[in-house]
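Protein sequences appear in the order of chains A and B. 2 is the number of the first residue of the first sequence in the working numbering; add one for each residue after it. 2 is the number of the first residue of the second sequence in the working numbering; add one for each residue after it.
Protein chains: 2
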Amino acid sequence: MVETQSDEILHNADTEDVSLLVVGDPFGCASIPATTHTDILLRARSLRIPTRIIHNASIMNAMGACGLQLYNFGQTVSLVFFTDTWKPDSFYDRIKENVSLGMHTLVLLDIKVKEQSEENLARGRKIYEPPRYINTLAIALSRVGGGPENERIVAEKFGEPLHSLVIAGKRLHHLEVDYAEAFAIDRENWRRVAKEVYGCALE
Amino acid sequence: MVETQSDEILHNADTEDVSLLVVGDPFGCASIPATTHTDILLRARSLRIPTRIIHNASIMNAMGACGLQLYNFGQTVSLVFFTDTWKPDSFYDRIKENVSLGMHTLVLLDIKVKEQSEENLARGRKIYEPPRYINTLAIALSRVGGGPENERIVAEKFGEPLHSLVIAGKRLHHLEVDYAEAFAIDRENWRRVAKEVYGCALE
Numbered sequence: 002m003v004e005t006q007s008d009e010i011l012h013n014a015d016t017e018d019v020s021l022l023v024v025g026d027p028f029g030c031a032s033i034p035a036t037t038h039t040d041i042l043l044r045a046r047s048l049r050i051p052t053r054i055i056h057n058a059s060i061m062n063a064m065g066a067c068g069l070q071l072y073n074f075g076q077t078v079s080l081v082f083f084t085d086t087w088k089p090d091s092f093y094d095r096i097k098e099n100v101s102l103g104m105h106t107l108v109l110l111d112i113k114v115k116e117q118s119e120e121n122l123a124r125g126r127k128i129y130e131p132p133r134y135i136n137t138l139a140i141a142l143s144r145v146g147g148g149p150e151n152e153r154i155v156a157e158k159f160g161e162p163l164h165s166l167v168i169a170g171k172r173l174h175h176l177e178v179d180y181a182e183a184f185a186i187d188r189e190n191w192r193r194v195a196k197e198v199y200g201c202a203l204e
Numbered sequence: 002m003v004e005t006q007s008d009e010i011l012h013n014a015d016t017e018d019v020s021l022l023v024v025g026d027p028f029g030c031a032s033i034p035a036t037t038h039t040d041i042l043l044r045a046r047s048l049r050i051p052t053r054i055i056h057n058a059s060i061m062n063a064m065g066a067c068g069l070q071l072y073n074f075g076q077t078v079s080l081v082f083f084t085d086t087w088k089p090d091s092f093y094d095r096i097k098e099n100v101s102l103g104m105h106t107l108v109l110l111d112i113k114v115k116e117q118s119e120e121n122l123a124r125g126r127k128i129y130e131p132p133r134y135i136n137t138l139a140i141a142l143s144r145v146g147g148g149p150e151n152e153r154i155v156a157e158k159f160g161e162p163l164h165s166l167v168i169a170g171k172r173l174h175h176l177e178v179d180y181a182e183a184f185a186i187d188r189e190n191w192r193r194v195a196k197e198v199y200g201c202a203l204e
């Protein structure tokens, strides 16, 4: 609604209290374009409607739970659903920029909730598509052909949404390695890569 | 206490519920080194004490209130008090990295609350220094010597703590300019610089 009916939301907001509830922080919301809330605040401002922002926890800081330090994260990246006509690949350059500076990247995986098909949108039919989440089955294949003692194949399904992904940068601190190790499927391998590839000073 | 008495905090935590309350998010707390909470969680883990993290709003996302998009921020930087023996200037390189990619920088300004002097710490005297905040008087001098019609000098005192600073990167979006304009002391100048120096497509 916020994207298509902001006039309705602001209707009468000069005389009554109107709240807009979001998931996460109003400015760090992954479910709608980041500019949507800025836009509605700008409209309110132009109509001289006073506004107040109440902040909340968000994936943009809660990602610290994975053990990587917030200070070592570069820009956050959104990975969006591709359509037939829209395949934005700028996420790759953004991640590359972070990687080049040794910084971690939070990758937010797109969701499509209460979306109309282009046809329904054009015809003004309030029929919504079933919710979709970037939540594919993923299979990581390591050292394939290296013999059964070396090969490792891990299939992962992440369960209910929401999901995000963190790519660790080279500026990895040994405390980050220690902390995040608890989440590693293969702890020994996690530490080995941190040591050998990332150059972390681990015991 | 959390930095010096974590053993005390964890004492009995295996048999009773112990909470550690912080300002902001547990992992995005500016008042203590970012590693302190990771460290106490690692100790709890090694003692097999179960832990649970409850996230909260933090300056690391609430900064979105200034109108710059969270997605356009690079790494967050801390600007700490210099001492006679410790003058870390790495913040400069970090800001430079963000600037080189056109990203905004959140600069967290150091605070010293409940700090002991080195002497009191060494002698085990629980005497604490008065709280200090990076909160200097700042005077911005622009076009000095350019004649009274061009010169502009702005003195600013930010009032009660806490404070942080945002440095805008070149990847500035016109909606960011529009939104943040409301906070500009000189709106006209704000838009002019966004247009001429940052190359923003403004009307």
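Heads up, the beta-carbon is just placed ideally off N, CA and C, and yes, glycines get one too.
So is residue i in contact with chain A if we call contact Cβ pairs under 8 Å?
| i | result |
| --- | --- |
| B/G219 | Here chain B has residues from 2 to 204 only, and residue 219 of chain B is not among them. |
| B/I204 | For the sequence presented, residue 204 of chain B should be read as Glu rather than Ile. Not closer than 8 Å to any Cβ of chain A, the Cβ of B/E204 fails to qualify, so no. |
| B/S32 | Model confidence at B/S32 stands at a pLDDT of 49, short of 50, so the residue's coordinates are unreliable; what they give is reported in the following sentence. By this cut-off, B/S32 is not an interface position. |
| B/D90 | no |
| B/D26 | yes |
| B/S20 | no |
| B/Y72 | yes |
| B/A156 | no |
| B/A195 | no |
| B/L176 | yes |
Hey, quick one: how far does the beta strand (DSSP E) through residue i stretch, first residue to last?
| i | result |
| --- | --- |
| B/Y165 | Correcting the residue type first, residue 165 of chain B is Ser in the shown sequence and not Tyr. Here the beta strand (DSSP E) through B/S165 covers 165-168. |
From which residue to which residue does the alpha helix (DSSP H) around residue i run?
| i | result |
| --- | --- |
| A/L11 | 7-11 |
| A/I41 | 36-47 |
| A/A195 | 188-197 |
| A/V178 | 175-181 |
| A/L122 | 119-123 |
| B/M64 | B/M64 -> no alpha helix (DSSP H), and no H or E assigned at all. |
State the beta-bridge partners of residue i as determined by DSSP.
| i | result |
| --- | --- |
| A/R133 | A/K113 |
| A/H105 | A/F74 |
| A/L80 | A/L110 |
Can you find a C-beta in chain B that's less than 8 Å from the C-beta of residue i?
| i | result |
| --- | --- |
| A/I41 | no |
| A/A45 | no |
| A/I54 | yes |
| A/A14 | no |
| A/T106 | no |
| A/Y93 | no |
| A/F184 | no |
| A/Y199 | no |
| A/L173 | no |
| A/D179 | yes |
| A/S118 | no |
| A/E98 | yes |
| A/N62 | yes |
| A/Q6 | no |
Short check: CB of residue i to CB of residue j, under 8 Å?
| i | j | result |
| --- | --- | --- |
| A/M64 | A/G29 | no |
| A/G68 | B/T77 | no |
| B/L43 | A/D18 | no |
| A/V23 | A/T106 | no |
| A/I50 | A/D15 | yes |
| A/G170 | A/N73 | yes |
| A/R172 | A/G103 | yes |
| A/W191 | A/E182 | yes |
| A/N57 | A/G75 | no |
| B/L176 | A/T86 | no |
Based on Cα-Cα distance, which residue from the options lies nearest to residue i?
| i | options | result |
| --- | --- | --- |
| A/G160 | A/D15, A/N13, A/I135, A/D26 | A/I135 |
| B/I55 | B/L71, B/T36, B/G25 | B/G25 |
| B/A45 | B/L11, B/P132, B/E182 | B/L11 |
| A/R112 | A/S91, A/G103, A/F83 | Going by the sequence as given, residue 112 of chain A is Ile instead of Arg. Among A/S91, A/G103, A/F83, the Cα nearest to that of A/I112 belongs to A/F83. |
| A/S59 | A/E120, A/F92, A/S165 | A/S165 |
| A/S79 | B/D85, B/Q70, B/W87 | B/Q70 |
| B/E204 | B/F184, B/H174, B/A123 | B/H174 |
| B/P132 | B/N13, B/W191, B/Q117, B/I186 | B/Q117 |
| A/I186 | A/K127, A/A195, A/V155 | A/V155 |
| A/V108 | A/E189, A/V145, A/V81 | A/V81 |
| A/V114 | A/I128, A/R124, A/K88 | A/I128 |
| A/E152 | A/I140, A/P162, A/F92 | A/I140 |
| B/F184 | B/L163, B/D94, B/A66 | B/A66 |
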